[in-house]
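There are 2 protein chains.
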Amino acid sequence: MATPTTTRQRRRGHDPESVLSIAVGVFNERGYDGTSMEDLARALGVTKSAIYYHVPGKEQLLGRALDRALDGLSEMVADERAASGPAIERLEWVVRQSVRILVDRLPYVTLLLRVRGNSRTEQVALERRREFDAFISHLVKEAAAEGSIRPDVDPALVTRLLFGTVNSIADWYQPSRGASSDDVADALLKMAFTGLRV
Amino acid sequence: MATPTTTRQRRRGHDPESVLSIAVGVFNERGYDGTSMEDLARALGVTKSAIYYHVPGKEQLLGRALDRALDGLSEMVADERAASGPAIERLEWVVRQSVRILVDRLPYVTLLLRVRGNSRTEQVALERRREFDAFISHLVKEAAAEGSIRPDVDPALVTRLLFGTVNSIADWYQPSRGASSDDVADALLKMAFTGLRV
DNA sequence: TTGTCAACTGACCGAATGTTCGGTAAACAC
DNA sequence: GTGTTTACCGAACATTCGGTCAGTTGACAA
Numbered sequence: 001m002a003t004p005t006t007t008r009q010r011r012r013g014h015d016p017e018s019v020l021s022i023a024v025g026v027f028n029e030r031g032y033d034g035t036s037m038e039d040l041a042r043a044l045g046v047t048k049s050a051i052y053y054h055v056p057g058k059e060q061l062l063g064r065a066l067d068r069a070l071d072g073l074s075e076m077v078a079d080e081r082a083a084s085g086p087a088i089e090r091l092e093w094v095v096r097q098s099v100r101i102l103v104d105r106l107p108y109v110t111l112l113l114r115v116r117g118n119s120r121t122e123q124v125a126l127e128r129r130r131e132f133d134a135f136i137s138h139l140v141k142e143a144a145a146e147g148s149i150r151p152d153v154d155p156a157l158v159t160r161l162l163f164g165t166v167n168s169i170a171d172w173y174q175p176s177r178g179a180s181s182d183d184v185a186d187a188l189l190k191m192a193f194t195g196l197r198v
Numbered sequence: 001m002a003t004p005t006t007t008r009q010r011r012r013g014h015d016p017e018s019v020l021s022i023a024v025g026v027f028n029e030r031g032y033d034g035t036s037m038e039d040l041a042r043a044l045g046v047t048k049s050a051i052y053y054h055v056p057g058k059e060q061l062l063g064r065a066l067d068r069a070l071d072g073l074s075e076m077v078a079d080e081r082a083a084s085g086p087a088i089e090r091l092e093w094v095v096r097q098s099v100r101i102l103v104d105r106l107p108y109v110t111l112l113l114r115v116r117g118n119s120r121t122e123q124v125a126l127e128r129r130r131e132f133d134a135f136i137s138h139l140v141k142e143a144a145a146e147g148s149i150r151p152d153v154d155p156a157l158v159t160r161l162l163f164g165t166v167n168s169i170a171d172w173y174q175p176s177r178g179a180s181s182d183d184v185a186d187a188l189l190k191m192a193f194t195g196l197r198v
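What follows is the structure, encoded as structure tokens:
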């Protein structure tokens with residue numbers, strides 16, 4: 001009766017989760033298309049065929065990774081704090097949350113940001129990402145319409161620059177350097193909202 | 001005596017230059033590793049083997065493209081305007097020039113920004129790019145030391161955010177949308193230097 | 001001790017990859 | 001017209017690719 005189907009002590013080895021997290025690491029190092037199943041096998045310490053015991057294939061591995069990134073963004077968009085209040089405050093909240101998601105799910109979001117649309121899996125992910133971008137774009141326009149953003153720059157340009165900055169974090173952020181998600185978000189918001197110059 | 005070795009009217013076809021520019025376009029659409037020589041051949045309207053009449057191979061095509069981007073950045077760093085005057089003004093000039101180079105050589109710089117280091121060619125390019133990054137990093141530190149940048153953000157973080165923003169332009173800029181290099185640089189400098197909020 | 005089963009190996013498959021090569025048609029030089 | 005050069009094609013090359021499958025191993029239950 002005790003622990004009938006529970007996960008007891010496994011005799012060391014992989015599971016779908018460990019395969020995914022290691023695979024995503026390699027995808028980010030070499031690029032998805034630049035990564036062979038042989039590369040993954042080497043990183044996992046097993047042979048190629050062992051991978052297929054845990055996951056259906058390379059593209060499904062990518063799909064699961066992209067979903068992790070996109071699910072985070074979807075949850076944020078659905079949050080009440082993204083829907084009510086002054087647009088500029090919602091924008092600030094969304095920027096801060098975006099940075100948090102990017103940092104928390106760094107490898108998954110990094111992968112998402114590099115997707116080009118070379119397969120159905122990638123195209124589906126790009127489509128979900130475009131929905132997020134449209135949400136942001138709308139939010140910036142609202143903030144501009146409410147007079148909270150300087151009127152001498154096109155809101156569309158503001159959107160791209162602001163979230164270009166957020167997304168660029170994926171290119172350099174390393175948790176080992178000590179800066180937390182909030183540290184980065186604070187610096188980003190200071191720069192973008194009130195400016196760097198003294 | 002007239003036009004002995006000059007380029008006269010070619011009977012339409014490709015040359016190394018046209019192959020390069022079309023190839024770089026495809027590389028940016030699908031990613032370098034995601035692009036096959038067959039893909040390039042299709043885009044060029046010839047067979048795979050015809051490509052090898054004009055260029056030595058796929059990797060050399062990449063190398064030439066990356067050099068175009070890096071040469072632009074090297075020229076800028078060597079310019080006198082990057083060396084003398086208040087650091088904050090040099091920084092502003094370098095940001096503006098970086099945007100100009102990125103826009104002028106958009107496909108080449110875009111390619112450079114996506115290089116992961118999967119081959120010797122890519123590693124050499126990454127090394128040159130790191131030199132540029134070090135130059136920028138030093139410049140920001142100077143501006144901070146001169147008291148021109150708000151002291152409550154780490155200069156290293158400022159460097160990454162500022163040039164993360166510049167580099168992110170490659171992800172969305174389309175000349176057909178009408179914005180010039182200076183338009184983008186103006187908006188970027190307004191945001192980063194004096195802030196978006198009214 | 002035997003049987004079960006999760007986790008894996010090694011040999012292999014067909015397709016796709018980057019590249020080479022022998023040949024060739026059209027444009028040009030003379 | 002003849003010879004040369006330019007720009008290409010089609011077939012083949014070795015290699016690598018993602019993926020399959022029949023078997024093996026070792027921990028564990030009975």
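If you read the sequences in order, they're chains D and L.
Residue numbering for the first sequence follows full-length UniProt numbering, starting at 1 and increasing by one per position.
Residue numbering for the second sequence follows full-length UniProt numbering, starting at 1 and increasing by one per position.
Idealized CB from N, CA, C, for every residue including glycine.
- Partner residues in a beta bridge of isoleucine 136 of chain D, as assigned by DSSP, do not exist.
- Assigned with DSSP and collapsed to three states, arginine 116 of chain L falls in coil, not helix or strand.
- Rounded to whole angstroms, the separation of the alpha carbons of glycine 85 of chain D and arginine 130 of chain L is 43 angstroms.
- Inclusion of alanine 69 of chain L and tyrosine 108 of chain L in the CB contact set at 8 angstroms is warranted, their separation being smaller than that value.
- The shortest C-alpha to C-alpha distance from methionine 191 of chain L to any of D:Val184, D:Ala87 and D:Thr159 is the one to D:Thr159.
- With fewer than 16 neighbouring CB atoms inside 10 Å of its own CB, arginine 12 of chain L falls in the exposed class.
- Think of a sphere of 9 angstroms around the beta carbon of leucine 40 of chain D: no beta carbon from chain L falls inside it, the nearest being about 15 angstroms out.
- Under the 10 Å beta carbon count, arginine 42 of chain D is surrounded by fewer than 16 other beta carbons and is classified as exposed.
- Any Cβ of chain D closer than 8 angstroms to the Cβ of aspartate 182 of chain L would place that residue at the interface, and such an atom is absent.
- The three-state reading of DSSP puts arginine 197 of chain L in strand, counting E and B together.
- Against chain D, the CB of threonine 121 of chain L has no partner CB under 8 angstroms away; the residue lies outside that interface.
- Residue-level contact check: valine 198 of chain D touches chain L, since one or more beta carbons of chain L fall below 8 angstroms from its beta carbon.
- Residues of chain D whose Cβ lies closer than 9 angstroms to the Cβ of lysine 190 of chain L are, in chain order, Arg150, Asp152, Val153 and Gly195.
- Along the UniProt domain "HTH tetR-type" (13 to 73) of chain D, going in chain order, the ones with a CB nearer than 9 angstroms to a CB of chain L are Asn28, Glu29, Arg30, Gly31, Tyr32, Asp33, Gly34 and Thr35.
- Residues of chain D whose Cβ lies closer than 7 angstroms to the Cβ of serine 168 of chain L are, in chain order, Gly164, Thr165, Asn167 and Ser168.
- At a Cβ-Cβ threshold of 8 angstroms, leucine 111 of chain D and phenylalanine 27 of chain D count as neighbours.
- Not flagged as an interface residue toward chain L: tryptophan 93 of chain D, since no C-beta distance is shorter than 8 angstroms.
- Check the Cα spacing between isoleucine 136 of chain D and each of D:Arg177, D:Tyr173, D:Met76 and D:Leu102: the tightest is with D:Met76.
- At a cut-off of 8 angstroms between beta-carbon atoms, alanine 179 of chain L makes contact with chain D.
- Residues of chain D whose Cβ lies closer than 7 angstroms to the Cβ of glycine 147 of chain L are, in chain order, Val198.
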